[in-house]
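Here is the structure we will look at, set down as structure tokens.
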Amino acid sequence: MVAEKVPRPITGTLAWYYYIGPMEVWLMAHELNPEEENPLLELGRLIHEESYPKEKKGFDAPGMKVDLLRERGGG
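Numbering (this note's numbering), first residue to last: 1384 to 1458.
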């Protein structure tokens, strides 16, 4: 018996990873994620949490996280 392929939704994250490269999209679409205990990933999480702690950086929406951006200088 062959398992049916279930279409996966295209999320904002997958669209963003397309700009990084097709391999990254393929890995994410097939739910192949990096080792969560990797020291570099832990460092990245710490930097994300501690950078500009008073500013709102984004919000969660169903199936995605949305980053807020602000324009610097020049109007």
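Yeah, the Cβ is synthetic: ideal placement off N, Cα and C, and Gly gets one too. The structure presented is a predicted model; accordingly, all values stated were derived computationally and were not measured.
So if DSSP puts residue i in a beta bridge, which residue, or which two residues, is it bridged to?
{"i": "Ala1444", "result": "Met1447"}
Rounded to whole angstroms, what's the CA-CA distance from residue i to residue j? Just pull it up for me.
{"i": "Glu1387", "j": "Tyr1401", "result": "25 Å"}
{"i": "Glu1425", "j": "Leu1452", "result": "23 Å"}
{"i": "Arg1455", "j": "Thr1394", "result": "28 Å"}
{"i": "Leu1429", "j": "Pro1422", "result": "11 Å"}
{"i": "Ala1398", "j": "Glu1419", "result": "22 Å"}
{"i": "Pro1448", "j": "Lys1440", "result": "As written in the sequence, residue 1448 is Lys, which differs from the Pro given in the question. In a straight line, the C-alpha of Lys1448 is about 10 Å away from that of Lys1440."}
{"i": "Glu1443", "j": "Asp1450", "result": "Looking at the sequence provided, one finds Asp at residue 1443 rather than Glu. Their backbone Cα atoms lie some 9 Å apart in a straight line."}
{"i": "Ile1403", "j": "Gly1427", "result": "17 Å"}
Could you check how far apart the C-beta atoms of residue i and residue j are, in whole angstroms? I think they sit under 8 Å.
{"i": "Thr1396", "j": "Met1411", "result": "7 Å"}
{"i": "Pro1392", "j": "Gly1446", "result": "7 Å"}
Terminal residues of the continuous alpha helix (DSSP H) containing residue i?
{"i": "Thr1396", "result": "Gly1395 to Ile1403"}
{"i": "Glu1425", "result": "Pro1422 to Glu1433"}
**Report entry** Any 3 or more C-beta pairs closer than 8 Å across the region 1401-1417 and the region 1428-1435
**Finding:** no
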